[in-house]
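Undergrad: Dropping the structure in here first, questions after.
Number of protein chains: 2
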Amino acid sequence: MATGRTHRPATRSRGIPEATVARLPLYLRALTALSERSVPTVSSEELAAAAGVNSAKLRKDFSYLGSYGTRGVGYDVEYLVYQISRELGLTQDWPVVIVGIGNLGAALANYGGFASRGFRVAALIDADPAMAGKPVAGMPVQHTDELERIITDNGVSIGVIATPAGAAQQVCDRLVALGVTSILNFAPTVLSVPEGVDVRKVDLSIELQILAFHEQRKAGEETSAGPGTAPAVSTPATPATPAAPAAGAAPAAGPAGRSGKGGPDGDVPAVMPA
Amino acid sequence: MATGRTHRPATRSRGIPEATVARLPLYLRALTALSERSVPTVSSEELAAAAGVNSAKLRKDFSYLGSYGTRGVGYDVEYLVYQISRELGLTQDWPVVIVGIGNLGAALANYGGFASRGFRVAALIDADPAMAGKPVAGMPVQHTDELERIITDNGVSIGVIATPAGAAQQVCDRLVALGVTSILNFAPTVLSVPEGVDVRKVDLSIELQILAFHEQRKAGEETSAGPGTAPAVSTPATPATPAAPAAGAAPAAGPAGRSGKGGPDGDVPAVMPA
DNA sequence: ATGTCTTTGTGAACGCGTGCACAAAGATTG
DNA sequence: CAATCTTTGTGCACGCGTTCACAAAGACAT
């Protein structure tokens, strides 16, 4: 999951709940597949199964868009594809810039799922002068200096940040200053943006960490009996009071020493207090 | 947002809400940054700002883990890093396989954020025999035939799928059969898995689509007046009854024509079984 | 035209997550 | 030791999202 809506407390834009908006692309994908198989209509039950959701939820979601179904029959696939596309704004062309052409940026540039949904990669930007001119995904990488010209010339309003964490905020600020109002952030940092700018983030390692949590829980349940977290580790309830005081000794031995190392990003200490 | 927990209706494992679990990695990242700057303690206010959340929410989240703060002072950074790491299961080593070494798979293999969090890339797998032996991220790509040996030898319980959509379910089934119980899916498909297997998905294009929705809404608001979706388009309320019948005509004119084209998309399978 | 059968659309209940606001707890100062 | 100040931990209320369950609507058969 790419998590994270930032700002805009409970945006229920035009009556369509955020949760529903987040599912529309899923329905669209399932519908597109049906469309390619020339399936004329689907029931909410079938479509829900294809999209991996509850059928009641799907019907309620669609009810926010209007009454597009026919009782006793189901939904017309083509028509629904069009309605959802329009609702999501995919009937128009969205020029996009990708900033930071490292491994991930290059992968994004090559990703077919963008172009097929109306997202046109207008430019690939990188701060490294050595990258300039290099072709990635059949398109020359351009230097950051070109950013302003590119964005204004193409009318770009959506930017993708795939830079290292350290550069992300700076890039973000520049994009926003140039009029970009939607940002998809792959850098592991919290971006601060002014009111009116939407940020969504995708953090690859966060997803793995969430899986690890559940994995640990599963392993713990089958190994030992109780609901304990890790087997053979003291329960988390105990070290309440001694926490803060005891911690004073920690930095000496532990992770503080690691802070010198220039790792790829933040990480977990090898040794810990208490 | 990489969204998407599948299965497990309302998993509140061991009393820690899912929403809280999803935020722990964020806190951890912020705390690690503080740790590297040798900051000894933080208040909930400061940490919340660094993690991009509400301070009340943060305190409540931490309260599920136990009472790790000191009133009037704040939280001990090192200690909290340890507690969260342990809770997430990051104090142990998680061998991971990445299946599908295309652009994205290669980017994932090179991503530093995994290794630094206790995730060890045990192997890179690809179905293409031509890829076998090629070094990616300083590690030879191995053929799918090796999958069983690799997984059992390394005790892999987490798999990352970065294959084209068409191959994802098949790969998933094989992983599950070999004992993998957590899957991070980058392929744009809904994976069906048996009870007890966790799937999280990251769909790059979904995030962009959600941004496009909001972007369209923003544009619509400033251009025309009303809360209408796209300017100069009939409101969605009208075509209620004629929806299904009229839909037959829709594909001709509208974007429905798009369905025919077999895009460069890695996305929807061109053909698929019923 | 009438009745039956299928499937939508939605009212209502429930549960989770969020945020407020404050009491309790400890540090700190005089 | 008492008073004050800071910050945590949480009870409570509210709103969003999910799910159930059913009436309304239309297709289809007779």
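Chains as they are written, first to last, in numbering that gives the first Met the number 0: chain A, 0 to 273; chain B, 0 to 273.
Don't be surprised by glycine CBs; every beta carbon is placed ideally from N, CA and C.
Since the structure is predicted, the reported quantities are computational estimates derived from the model, not experimental observations.
Look at Gln91 of chain A and Gly65 of chain A and say whether their C-beta atoms are less than 8 Å apart.
TA: Locating residue 91 of chain A in the first sequence gives position 92, counting from the first residue. Locating residue 65 of chain A in the first sequence gives position 66, counting from the first residue. Cβ distance not < 8 Å, so Gln91 of chain A and Gly65 of chain A don't count as in contact.
Undergrad: Quick one: does Pro16 of chain A have its CB under 8 Å from some CB of chain B?
TA: As a working mapping, residue 16 of chain A is identified with position 17 in the first sequence. Not one chain B Cβ lies under 8 Å of Pro16 of chain A.
Undergrad: Between the Cα of Tyr78 of chain B and the Cα atoms of B:Gly71, B:Trp93 and B:Phe61, which residue gives the shortest distance?
TA: Position 79 of the second sequence holds residue 78 of chain B. Minimum Cα distance to Tyr78 of chain B is reached at B:Phe61.
Undergrad: Mind reading off the beta-carbon distance from Ala29 of chain A to Ala55 of chain A? Whole number of angstroms is fine, and I expect it under 8 Å.
TA: Walking along the first sequence from the start, residue 29 of chain A turns up at place 30. Walking along the first sequence from the start, residue 55 of chain A turns up at place 56. Contact doesn't hold; Cβ gap of about 16 Å is too wide.
Undergrad: Identify which residue in A:Leu89, A:Glu206 and A:Gly101 has its Cα closest to the Cα of Val307 of chain A.
TA: One cannot answer for residue 307 of chain A here, as it falls past the ends of chain A, which runs 0 to 273.
Undergrad: In this structure, does DSSP put Asn53 of chain B in helix, strand or coil?
TA: On the second sequence, residue 53 of chain B is found 54 positions in, with the first residue counted as 1. Coil, per DSSP.
Undergrad: Rounded to whole angstroms, what's the CA-CA distance from Pro16 of chain B to Ala211 of chain A? Just pull it up for me.
TA: Residue numbering aside, residue 16 of chain B sits at position 17 when the second sequence is read from its first letter. Residue numbering aside, residue 211 of chain A sits at position 212 when the first sequence is read from its first letter. Taking the straight line joining both Cα atoms gives about 15 Å.
Undergrad: What's the gap between the Cα of Ala18 of chain B and the Cα of Asp144 of chain B?
TA: As a first step, residue 18 of chain B must be located in the second sequence, where it is residue number 19. As a first step, residue 144 of chain B must be located in the second sequence, where it is residue number 145. If I take the Cα positions, the gap works out to 38 Å.
Undergrad: Listed in chain order, which residues of the region 37-62 of chain A have Cβ atoms closer than 8 Å to some Cβ of chain B?
TA: Listed by position, the residues of the region 37-62 of chain A near chain B (Cβ gap below 8 Å) are Thr40, Ala49, Ala50 and Gly51.
Undergrad: For the region 142-173 of chain A, which residues have a beta carbon sitting closer than 7 Å to at least one beta carbon of chain B?
TA: Hits within the stretch, in order: Ser156 and Ile157.
Undergrad: Measure the C-alpha to C-alpha separation of Lys217 of chain A and Val175 of chain B and round it to an integer number of angstroms.
TA: In the first sequence, counting from the first residue as 1, residue 217 of chain A sits at position 218. In the second sequence, counting from the first residue as 1, residue 175 of chain B sits at position 176. Rounded to whole angstroms, Lys217 of chain A to Val175 of chain B spans 15 Å at the Cα level.
Undergrad: Tell me which same chain residues have a C-beta within less than 6 Å of the C-beta of Leu25 of chain B, skipping the five on either side of it?
TA: Translated into positions along the second sequence, residue 25 of chain B becomes position 26. Hits under 6 Å: Ala50.
Undergrad: Taking contact to mean 3 or more Cβ pairs, one atom from each stretch, closer than 8 Å, check whether the region 117-126 of chain A and the region 144-159 of chain A are in contact.
TA: The region 117-126 of chain A vs the region 144-159 of chain A: in contact.
Undergrad: So which residues on chain A does Glu214 of chain B lean against when the C-beta distance must stay under 9 Å?
TA: Within the second sequence, the letter at position 215 stands for residue 214 of chain B. Within 9 Å Cβ-Cβ: Gly88, Trp93, Ser156, Ile157, Thr180, Ser181 and Asp197.
Undergrad: Chain A partners of Ile124 of chain B, CB-CB under 8 Å?
TA: Within the second sequence, the letter at position 125 stands for residue 124 of chain B. Within chain A, no residue comes near Ile124 of chain B; the closest Cβ sits about 17 Å away, beyond 8 Å.
Undergrad: Taking a cut of 9 Å between CB atoms, which residues from the region 93-118 of chain B lie near chain A?
TA: Result list: Trp93, Val95, Gly101, Asn102, Leu103, Gly104, Ala105, Ala106, Leu107, Ala108, Asn109, Tyr110, Gly111, Gly112, Phe113, Ala114, Ser115, Arg116, Gly117 and Phe118.
Undergrad: Let's test the definition: count the other Cβ atoms within 10 Å of the Cβ of Gln141 of chain B and tell me whether it reaches 16, buried, or not, exposed.
TA: What you label residue 141 of chain B is simply residue 142 of the second sequence in a count that begins at 1. Counting Cβ neighbours within 10 Å, Gln141 of chain B comes out buried, since at least 16 surround it.
Undergrad: Could you please give me the residues that DSSP links to Ile124 of chain B through a beta bridge?
TA: Walking along the second sequence from the start, residue 124 of chain B turns up at place 125. The partner list for Ile124 of chain B (beta bridge, DSSP) reads B:Val98 and B:Gln141.
Undergrad: For the alpha helix (DSSP H) containing Ser191 of chain A, list its first residue and its last residue.
TA: As a first step, residue 191 of chain A must be located in the first sequence, where it is residue number 192. From DSSP, Ser191 of chain A is part of no alpha helix (DSSP H); its letter is neither H nor E.
Undergrad: Going along chain B in order, which residues have a C-beta closer than 7 Å to the C-beta of Leu210 of chain A?
TA: Within the first sequence, the letter at position 211 stands for residue 210 of chain A. Going along chain B in sequence order, the residues near Leu210 of chain A (Cβ under 7 Å) are Ile157, Ser181, Leu183, Asp197 and Arg199.
Undergrad: Ile209 of chain A: which of B:Gln169, B:Ile83, B:Gly219 and B:Ser204 sits nearest, CA to CA?
TA: Within the first sequence, residue 209 of chain A is the residue found at index 210, counting from 1. Cα-wise, what sits closest to Ile209 of chain A is B:Ile83.
Undergrad: Considering only the alpha carbon of each residue, which of A:Gly88, A:Ile97, A:Lys200 and A:Glu44 lies closest to Val71 of chain A?
TA: As a first step, residue 71 of chain A is located in the first sequence; it is residue number 72 there, counting from the start. A small correction: the amino acid at residue 71 of chain A is Gly; Val does not occupy that position in the sequence shown. Considering only alpha carbons, the answer is A:Glu44.
Undergrad: Under a Cβ-count criterion, where at least 16 other Cβ atoms within 10 Å of its own Cβ denotes burial, should Gly14 of chain A be classed as buried or exposed?
TA: Along the first sequence, read from residue 1 onward, the residue named residue 14 of chain A stands at position 15. Exposed.
Undergrad: Bridge partners of Val159 of chain B, per DSSP?
TA: Residue numbering aside, residue 159 of chain B sits at position 160 when the second sequence is read from its first letter. Looking at the DSSP assignment, Val159 of chain B forms a beta bridge with B:Ile97 and B:Leu183.
Undergrad: Buried or exposed, going by whether 16 or more other CB atoms sit within 10 Å of the CB of Pro187 of chain A?
TA: Counting from one through the first sequence, the residue named residue 187 of chain A turns up at place 188. Per the 10 Å Cβ criterion, buried.
Undergrad: Can you give the Cα-Cα distance for Leu123 of chain A and Tyr67 of chain B, rounded to whole angstroms?
TA: Sequence index remark: in the first sequence, residue 123 of chain A carries index 124 (1-based). Sequence index remark: in the second sequence, residue 67 of chain B carries index 68 (1-based). The alpha-carbon atoms of Leu123 of chain A and Tyr67 of chain B are separated by roughly 45 Å.
Undergrad: To the nearest whole angstrom, what separates the beta carbons of Val196 of chain B and Ile182 of chain B, a pair I think is in contact under 8 Å?
TA: Translated into positions along the second sequence, residue 196 of chain B becomes position 197. Translated into positions along the second sequence, residue 182 of chain B becomes position 183. Yes, they are in contact, since the Cβ atoms of Val196 of chain B and Ile182 of chain B sit about 7 Å apart, within 8 Å.
Undergrad: Shorter than 8 Å from the beta carbon of Ala21 of chain A to some beta carbon of chain B?
TA: Your numbering for residue 21 of chain A matches position 22 in the first sequence. Taking Cβ atoms only, chain B reaches closer than 8 Å to Ala21 of chain A, which makes this a yes.
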